[in-house]
Amino acid sequence: MANVYQDLRSFLSTLEENGQLVRIKEEVNPEPDIAAAGRAAANIENAPAVLFEKVKGYPYSVVTNVHGSWANHALMLGMPKTASTKEQFHEINRRWESFPVKPEILDRDKAPCKENTIDKPEDINLFEILPLYRINEQDSGFFLSKASIITADPNEPDNFDKLNVGTYRIQVKGKNRVGIQALAFHDIAIQLEAAERKNERVPICITVGNSPLVTYMASTPVMYTQNEYEFVGALQDGVPTQIVKSDLYDNLYVPAGSEVVLEGYIEPRVREVEGPFGEFPGSYSGSRRQCVITITHVTHRTNPIFENLYLGIPWTEIDYLMALNTSVPLYQQIKRDFPEVQAVNAMYTHGIGCIISTKVRFGGFGKEVAFRLLSTPHGGSYSKIIIIVDEFVDPFNLPQVMWALTTRVRPDKDVVVIPNCPGMPLDPSSYPAGMHSKLIIDATTPKDPEPNPREVELLEPPVGYEKYETLIRELMAKM
Amino acid sequence: MKCPRCDGNKIEIIATSPVGNVWEVYECMDCFYSWRSTETPVVHEKFKLTKEQIDHLPMIPPIPPLDK
Numbered sequence: 006m007a008n009v010y011q012d013l014r015s016f017l018s019t020l021e022e023n024g025q026l027v028r029i030k031e032e033v034n035p036e037p038d039i040a041a042a043g044r045a046a047a048n049i050e051n052a053p054a055v056l057f058e059k060v061k062g063y064p065y066s067v068v069t070n071v072h073g074s075w076a077n078h079a080l081m082l083g084m085p086k087t088a089s090t091k092e093q094f095h096e097i098n099r100r101w102e103s104f105p106v107k108p109e110i111l112d113r114d115k116a117p118c119k120e121n122t123i124d125k126p127e128d129i130n131l132f133e134i135l136p137l138y139r140i141n142e143q144d145s146g147f148f149l150s151k152a153s154i155i156t157a158d159p160n161e162p163d164n165f166d167k168l169n170v171g172t173y174r175i176q177v178k179g180k181n182r183v184g185i186q187a188l189a190f191h192d193i194a195i196q197l198e199a200a201e202r203k204n205e206r207v208p209i210c211i212t213v214g215n216s217p218l219v220t221y222m223a224s225t226p227v228m229y230t231q232n233e234y235e236f237v238g239a240l241q242d243g244v245p246t247q248i249v250k251s252d253l254y255d256n257l258y259v260p261a262g263s264e265v266v267l268e269g270y271i272e273p274r275v276r277e278v279e280g281p282f283g284e285f286p287g288s289y290s291g292s293r294r295q296c297v298i299t300i301t302h303v304t305h306r307t308n309p310i311f312e313n314l315y316l317g318i319p320w321t322e323i324d325y326l327m328a329l330n331t332s333v334p335l336y337q338q339i340k341r342d343f344p345e346v347q348a349v350n351a352m353y354t355h356g357i358g359c360i361i362s363t364k365v366r367f368g369g370f371g372k373e374v375a376f377r378l379l380s381t382p383h384g385g386s387y388s389k390i391i392i393i394v395d396e397f398v399d400p401f402n403l404p405q406v407m408w409a410l411t412t413r414v415r416p417d418k419d420v421v422v423i424p425n426c427p428g429m430p431l432d433p434s435s436y437p438a439g440m441h442s443k444l445i446i447d448a449t450t451p452k453d454p455e456p457n458p459r460e461v462e463l464l465e466p467p468v469g470y471e472k473y474e475t476l477i478r479e480l481m482a483k484m
Numbered sequence: 034m035k036c037p038r039c040d041g042n043k044i045e046i047i048a049t050s051p052v053g054n055v056w057e058v059y060e061c062m063d064c065f066y067s068w069r070s071t072e073t074p075v076v077h078e079k080f081k082l083t084k085e086q087i088d089h090l091p092m093i094p095p096i097p098p099l100d101k
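Residue numbers (the working numbering), protein chains in the order written: chain G, 6 to 484; chain S, 34 to 101.
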């Protein structure tokens, strides 16, 4: 049974016990210290989470880089902190099979997130609850970069499968007023459009500081009708995640262990300037007119911990968060139709770059697999550079992928550019924003009926190499 | 006080430090740029906005037509 966390605090304790959390006890300035530590942590191999105990002018603490290393990622899954990326990929896939695992719904008085309640909108002041700070210098304000946001489908408000738990950037615009980015291809945009067509408010809960797998699933591109909480239970190896009913809305459920829950509504048919914001492609998005949320009700734990993440030129925390949680759903969606697919590495900029290893059934099969990626909901917009390799190439081993590219690709027939496709608008090479071309590189070995006039035999390792690998490691350990 | 981004003069104090009297947070009510009194904001030319630009920024997502 994997170690399971029902809140952020229990995970922080595990990180600390494993030497994967450091505390900054001295008082720091909100700017630039917290973001600077986020960047610094990302520069360190197997970096810890960084907890700031005192932030100037604020009563509460901040933690950043919670997901920001493969060691922390492994501990999130209850695995040894030395587990390799590939081992973690396969373990997540194994657990994925047990979806759906129904969440456990707690009574209100059992849910830690309800310890304190602010029920009058005029009494809400986000700056008194969250130690807000600027993440990147040219950001237009103070952002929540790691909140898990809960909304329902206005046309089927009680359909739990369509309850959406997603991560969207939030700009704080006042004591109880925030902006949100809802891009057209995001699940929340489906719900927003349905409500705005009727000029109705969208009920919303913004939860801050969650168990690591809630945050993980909120940023995972699953299908619209797949409930994220039911995936959290699956990734907890069958242990249900604990949720509780929102105070304002009977059909919205929030993580019971959340540090802070902000409840309110998206104002229909209103757009206001939002951004710029330093985004995951390592550059700023521009300013756009985006949606606005009014917060009317808050609950929070006593002494809440503000969890937020730093985004910079990759790799930073967000790249660890979005690495395997992009790879696994794409793998699952593709292998449903193509069981020949062995693994998907979509770790590069949220799947903009993607490497797939597959058995090849017949000539052109590699391209067919690439087309399937491009017809998944996430891959369709995000994926742009697609590399297909043979089954014997490990897509997580980039030197091996380079070997496949250098020895398998004939550019005149294996490299294809498809123009005028959907693109990820935050990718600065997308123009107009939201449109892009797709590059497919088929690095698989040709198979009938495609000619392979220079068929080769792969080199095999000499007999007994495993014995020597062990011996050499032992000798090195003694040096 | 003027907005460092759009030169607007509708600036509001949206927060004062909950502990001590060590900072305030200001926000421009025209372009919603916000900054803390302990910062010295330098908005790059690329990110500055005029009133006309504010009114014509792209909308994300577009507002759909009302159902009939």
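A virtual CB, placed ideally from N, CA and C, is assigned to each residue, including glycine.
Taking 7 Å as the threshold (beta carbon to beta carbon), is TYR66/S in contact with chain G?
Your numbering for residue 66/S matches position 33 in the second sequence. Taking Cβ atoms only, chain G reaches closer than 7 Å to TYR66/S, which makes this a yes.
Using a beta-carbon distance below 7 Å, is SER18/G in contact with chain S?
Counting from one through the first sequence, the residue named residue 18/G turns up at place 13. Cβ-Cβ to chain S under 7 Å: no for SER18/G.
Can you give, in chain order, each stretch of the alpha helix (DSSP H) that sits fully within the region 102–171 of chain G and has at least 4 residues?
131–134
Rounded to a whole number of angstroms, what is the C-alpha to C-alpha distance between GLU161/G and VAL207/G?
On the first sequence, position 156 is the one that residue 161/G refers to. On the first sequence, position 202 is the one that residue 207/G refers to. Cα to Cα, GLU161/G sits roughly 13 Å from VAL207/G.
Alpha carbon to alpha carbon, how far is GLU72/S from ASN308/G? Give it in angstroms, no decimals.
Here the question's residue 308/G lines up with position 303 in the first sequence. Here the question's residue 72/S lines up with position 39 in the second sequence. Answer to the nearest angstrom: the Cα atoms are 27 Å apart.
What separation, rounded to the nearest whole angstrom, lies between the Cα atoms of VAL213/G and ASN70/G?
Locating residue 213/G in the first sequence gives position 208, where the first residue counts as 1. Locating residue 70/G in the first sequence gives position 65, where the first residue counts as 1. Distance between the alpha carbons of VAL213/G and ASN70/G is about 14 Å.
Output needed for ALA116/G: all residues of its chain with C-beta closer than 6 Å, excluding positions within five of it in sequence on either side, in chain order.
Here residue 116/G corresponds to residue number 111 of the first sequence, with the count starting at 1. Correct list, in chain order: VAL249, ALA261.
Can you round the beta-carbon distance between GLY356/G and ILE318/G to whole angstroms, since I take them to be within the 8 Å contact cut?
The sequence position of residue 356/G within the first sequence is 351, counting from 1. The sequence position of residue 318/G within the first sequence is 313, counting from 1. About 18 Å separates the two Cβ atoms, so there is no contact after all.
Along chain S, in chain order, which residues have C-beta atoms closer than 8 Å to that of LEU188/G?
The count along the first sequence starts at 1 and reaches residue 188/G at position 183. Near LEU188/G (Cβ distances below 8 Å), the residues of chain S are ILE93, PRO94.
Return the bridge partner residues of ARG294/G from the DSSP annotation.
As a position in the first sequence, residue 294/G is number 289, starting the count at 1. Beta-bridge pairing links ARG294/G to VAL278/G, MET92/S.
Anything in the region 187–214 of chain G with a Cβ closer than 8 Å to a Cβ of chain S? List those residues in chain order, please.
Taking a C-beta cut-off of 8 Å against chain S, the contacting residues of the region 187–214 of chain G are ALA187, LEU188, ALA189, ALA194, LEU197, GLU198, GLU201, ARG202, LYS203, ASN204, listed in chain order.
Roughly how many angstroms separate the alpha carbons of PHE370/G and THR450/G, rounded to a whole number?
Here the question's residue 370/G lines up with position 365 in the first sequence. Here the question's residue 450/G lines up with position 445 in the first sequence. Their Cα atoms are separated by approximately 10 Å.
Once DSSP output is grouped into helix, strand and coil, what is the label at HIS95/G?
In the first sequence, counting from the first residue as 1, residue 95/G sits at position 90. Collapsing the DSSP output to three states places HIS95/G in a helix.
Just by C-beta distance, which residues in the region 392–407 of chain G are closer than 7 Å to chain S?
none
Pull the bridge partners of TYR289/G from the DSSP assignment, please.
Reading the first sequence from its first residue, position 284 is the one you call residue 289/G. Partner(s): GLY283/G.
Could you tell me whether the Cβ of PHE148/G comes closer than 7 Å to any Cβ of chain S?
One-based indexing of the first sequence puts residue 148/G at position 143. No, PHE148/G does not count as interfacial toward chain S.
Taking Cβ positions, are TYR229/G and GLY73/G nearer each other than 7 Å?
Here residue 229/G corresponds to residue number 224 of the first sequence, with the count starting at 1. Here residue 73/G corresponds to residue number 68 of the first sequence, with the count starting at 1. Result no, Cβ atoms of TYR229/G and GLY73/G do not sit closer than 7 Å.
Which runs of the alpha helix (DSSP H) spanning at least 4 residues fall entirely within the region 377–446 of chain G, listed in chain order?
382–387, 403–413, 416–419
Is there a C-beta anywhere in chain S that falls below 7 Å from the one on LYS59/G?
On the first sequence, residue 59/G is found 54 positions in, with the first residue counted as 1. It does not; no Cβ of chain S falls within 7 Å.
Do the CB positions of TYR302/G and ASP38/G come within less than 7 Å of each other?
By 1-based counting over the first sequence, the position of residue 302/G is 297. By 1-based counting over the first sequence, the position of residue 38/G is 33. A quick correction: the sequence has His, not Tyr, at residue 302/G. Going by C-beta atoms, HIS302/G is not nearer than 7 Å to ASP38/G.
Shorter than 7 Å from the beta carbon of ARG293/G to some beta carbon of chain S?
For the purposes of this step, residue 293/G is identified with residue 288 of the first sequence, where counting begins at 1. Yes, contact with chain S.
Give a yes or no on whether 7 Å exceeds the smallest Cβ distance from ILE47/S to chain G.
Taking the second sequence and counting its residues from 1, the one referred to as residue 47/S is at position 14. At least one chain G Cβ lies under 7 Å of ILE47/S.
Could you work out which residues of chain S lie near ARG274/G, taking near to mean beta carbons separated by less than 7 Å?
Translated into positions along the first sequence, residue 274/G becomes position 269. Within chain S, the residues near ARG274/G are ILE96.
Report yes if the C-beta of TYR325/G is less than 6 Å from at least one heavy atom of the ligand COA; otherwise report no.
By its list of ligands, the structure shown contains no ligand whatsoever, and the ligand COA lies outside what it can speak to.
Residues of chain S with a CB under 7 Å from the CB of GLU277/G: which are they?
On the first sequence, position 272 is the one that residue 277/G refers to. Correct list: PHE65.
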